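Engineer: Structure below; questions to follow.
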Amino acid sequence: MSAPLLPGHPHIHYANDQLHVEGCSLDALSLSHGTPLFVYSKASMLDALAAYQRGFAGRNARICYAIKANSSLAILQVFAAAGCGFDIVSEGELARVLAAGADASKVIFSGVGKTRAEMAQALRVGIGCFNVESEAEIDVLNEVALSTGTRAAISIRVNPNVDPKTHPYISTGLKGNKFGIAHERTLVTYQRAAALPGLQVVGIDCHIGSQITQDTPYLDAMDRMLDLVESIEAAGIPIHHIDFGGGLGINYNGDTPPAADALWNKLLAKLDARGFGQRQLMIEPGRSLVGNAGVCVTEVLYMKPGEQKNFCIVDAAMNDLPRPAMYQAFHTIVPVQQAASPSASSEVYDVVGPVCESGDWIGHDRALQVQAGDKLAVLSAGAYCMSMSSNYNSRPKAAEILVDGTQSHLIRQRDSFADQIRGEKLL
Ligand code: LLP
């Protein structure tokens, strides 16, 4: 292997001037499968998981992969085989994890708007725990559990009111957010839940946001959570597990989030110091397990020089890679084949897709040495890309490949037109 592109991610690298994911050349994969094409490194996902596992060595902890980051079945299968549980937010996600072979008892169900039908289905299959987000939901879950003759194990998601210092759309633990129960209401809400016959209080939960790159918000949130655990237990309600959510960021653009094991060393030191070191822990990481394991390969369709801007028009678009349009997110873009003469001059381009709106951009002001027909790779595309993709402009959803060493597996075929119109009816 040579020249990894992202520090700590050796599996995406150039060899003989060709970009590879593990032992597979992206040029070869895109010739066989077309573009846009998502390609994931299994080793990279397992490395990311191993950092958490190292952090939790010797502890009673469960890693529940938050599948909203990438819910493709084969990816879920990799994490199920590695022993993970799953964090889900809908009946569809529940069906996905079960289809991938998950053990239902290792599934936790988060989200502010669970329907009665979703609750009933989750109880029927025997999920491990509901993360309940409001007082109204507590009453409904109690009713649904009683009507199905079961008891629902619950954690209450508390809103610790700490600033995760991330994009406002992905901050979730602040007072003004729709998530969780306000810190001040936590104890009364626990007392109310503990008195309901259809519920069994088992834990406490928080999730403060996503793409968090500092450890202070986590350390502050842990202190606030432990204060709550102390007061809830003092009121006679035992808390068996502490679920600390997900949110750890990845390096998109020189970001330097703490490594998962380093972060957990600090958090566990805090838990130990406060006497909670042996408590069962759960976490719900999404992005940090898959984000930097994936790339999206796209072909350059046209070069369009202009007076104010030069455009590089590619065949991937906001329907495949929605993060730039939604969050002004930055994804590194690199050539699949390194230029024969790296010293040749590059031009500055806006890399844009074919979708008919100006919000359809993938990268602004990127220095690239490219021409039509070249292929580019959009990095850090393993999380919140395919799972947020759409058929906007009646574009097919892209194909996905999982690479394992020198083997590549097609894990999702590109949408056909029949896939796109399935379920539609003419008058
Ligand atoms: N647990 C809960 C309750 C969540 O809401 C989320 C993410 C996670 C866990 C996983 O968070 P992660 O470890 O992936 O940061 N689409 C946005 C990110 C939205 C995150 C939503 N919740 C993006 O592309 O940046």
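Letter by letter, the sequence shown follows residues -5 to 421 in our numbering.
Beta carbons: idealized from backbone N, C-alpha and C, even for Gly.
Note that the structure is predicted; figures quoted are calculated from it, not measured.
1) Under 8 Å between the Cβ atoms of Cys123 and Ala139?
2) Quick check: the Cα distance between Ser282 and Leu420, rounded to an integer number of angstroms?
3) Using 8 Å as the Cβ pair cut-off and three pairs as the minimum, do the stretch 7 to 24 and the stretch 223 to 235 touch?
4) So within the stretch 4 to 33, which uninterrupted beta strand (DSSP E) runs reach at least 3 residues, ignoring any that extend past its ends?
5) Could you check where the beta strand (DSSP E) with Lys260 kicks off and where it finishes?
6) Rounded to whole angstroms, what's the CA-CA distance from Arg90 to Leu181? Just pull it up for me.
7) Alpha carbons only, please: which of Ala253, Thr292, Thr29 and Ala375 is nearest the one belonging to Ala44?
8) Under a CB-based cut-off of 8 Å, is Tyr378 close to chain D?
9) With C-beta atoms as the reference, is Gly280 less than 8 Å away from Ala63?
10) Tell me whether Phe411 is buried or exposed, calling it buried when 16 or more other Cβ atoms sit within 10 Å of its Cβ.
11) Over the uninterrupted beta strand (DSSP E) stretch that includes Tyr386, give me the two end residues.
12) Who are the near neighbours of Leu220 in its chain, counting only those whose CB is closer than 7 Å to its CB and skipping five residues on each side?
13) What is the C-beta distance between Asn387 and Val349, in whole angstroms, given that I count them as a contact (C-beta under 8 Å)?
14) In chain order, what residues of the same chain lie with their CB nearer than 8 Å to the CB of Thr400, ignoring the 5 residues before and after it?
15) Thinking just about the alpha-carbon of each residue, which of Pro329, Ser204 and Asn259 is nearest to the one in Leu213?
16) Classify Asn54 as buried or exposed, calling it buried when 16 or more other Cβ atoms lie within 10 Å of its own Cβ.
17) Say yes only if the C-beta of His235 is nearer than 7 Å to one or more non-hydrogen atoms of ligand 1, and no if none qualify.
18) With distances taken between CB atoms, is the gap from Val342 to Ala371 smaller than 8 Å?
19) Which residue from Leu396, Leu261 and Ile277 puts its Cα closest to that of Phe238?
20) Is it true that the CB of Gly49 sits closer than 8 Å to the CB of Tyr309?
21) Does the contact criterion of 3 or more C-beta pairs under 8 Å hold for the stretch 115 to 122 versus the stretch 86 to 100?
22) Which full runs of the alpha helix (DSSP H) of 4+ residues lie inside the stretch 311 to 395, going along the chain?
23) On a CA-only basis, which of Lys264, Val126 and Gln274 is nearest Ala176? Give me that one, please.
24) Take Lys169 and list the residues in its own chain whose beta-carbon comes closer than 8 Å to its own, dropping the five residues that flank it on each side.
25) Please give me, in chain order, every unbroken run of the beta strand (DSSP E) with length at least 3 that falls completely inside the stretch 169 to 239.
26) With H, G and I counted as helix, E and B as strand and the rest as coil, what does DSSP make of His47?
27) When we look at the beta-carbon of Asn313 and count the other beta-carbons within 10 Å, is it buried (16 or more) or exposed?
28) Taking all protein chains shown into account, do 16 or more other C-beta atoms lie within 10 angstroms of the C-beta of Thr109, making it buried, or fewer, making it exposed?
29) For ligand 1, is there any heavy atom lying closer than 7 Å to the beta carbon of His27?
30) Should Arg317 be counted as a contact of ligand 1 given a C-beta to heavy atom distance under 7 Å?
31) Considering Ser402, what are the terminal residues of the alpha helix (DSSP H) in which it resides?
32) With DSSP run on the structure shown, which of helix, strand or coil describes Val134?
33) Between the Cα of Gln407 and the Cα atoms of Gly230, Ala68, Asp41 and Gly248, which residue gives the shortest distance?
34) Let's see if you can read the secondary structure: which residues bound the alpha helix (DSSP H) around Ala60?
35) Please tell me whether, using a cut-off of 7 Å, the distance from the CB of Leu242 to the nearest non-hydrogen atom of ligand 1 is below it.
36) Please list, in chain order, all residues of the same chain as Ile244 whose beta carbon is under 7 Å from its beta carbon, the five residues on each side excluded.
Structural biologist: Put simply:
1) No.
2) 43 Å
3) The stretch 7 to 24 makes no contact with the stretch 223 to 235, as fewer than three CB pairs between them are under 8 Å.
4) Within the stretch 4 to 33, the complete beta strand (DSSP E) runs of at least 3 residues are 12 to 15.
5) Element bounds for Lys260: not the beta strand (DSSP E) but the alpha helix (DSSP H), Ala254 to Ala267.
6) 34 Å
7) Ranking Ala253, Thr292, Thr29 and Ala375 by CA distance to the CA of Ala44 puts Ala253 first.
8) Although the question refers to chain D, the structure presented lacks it and comprises just one protein chain.
9) In contact: Gly280 and Ala63 (Cβ atoms closer than 8 Å).
10) exposed
11) Where Tyr386 is concerned, there is no enclosing beta strand (DSSP E), given that its DSSP letter is neither H nor E.
12) Arg268 and Phe270
13) 5 Å
14) Glu16, Gly17 and Cys18
15) Asn259
16) exposed
17) Checking the Cβ of His235 against ligand 1 gives no.
18) In this structure, Ala371 does not lie closer than 8 Å to Val342 by Cβ.
19) Residue Ile277 is the option with its Cα nearest to Phe238.
20) In the sequence under discussion, the amino acid at residue 309 is Asp, which differs from the Tyr named in the question. In this structure, Gly49 does not lie closer than 8 Å to Asp309 by Cβ.
21) Proximity of the stretch 115 to 122 to the stretch 86 to 100 meets the contact definition, three or more beta-carbon pairs being nearer than 8 Å.
22) 317 to 321
23) Val126
24) By the criterion of a C-beta distance shorter than 8 Å, Lys169 is surrounded in its chain by Asn153, Asn155 and Ala176, once the five residues flanking it on both sides are discounted.
25) As far as the stretch 169 to 239 is concerned, its whole beta strand (DSSP E) runs of at least 3 residues are 193 to 199 and 235 to 237.
26) Going by the sequence as given, residue 47 is Gln instead of His. Gln47 sits in a helix when the DSSP states are folded into three classes.
27) With 16 or more other Cβ atoms within 10 Å, it is buried.
28) exposed
29) no
30) yes
31) Looking at the DSSP string, Ser402 is not in any alpha helix (DSSP H); the run it does join, the beta strand (DSSP E), is Gln401 to Arg406.
32) helix
33) Ala68
34) Segment Ala55 to Ala60 is the beta strand (DSSP E) holding Ala60; no alpha helix (DSSP H) there.
35) Yes, the Cβ of Leu242 comes within 7 Å of a heavy atom of ligand 1.
36) Within the same chain, Ile244 has close Cβ partners Pro251, Arg281, Ser282, Gly285, Asn286 and Ser374.
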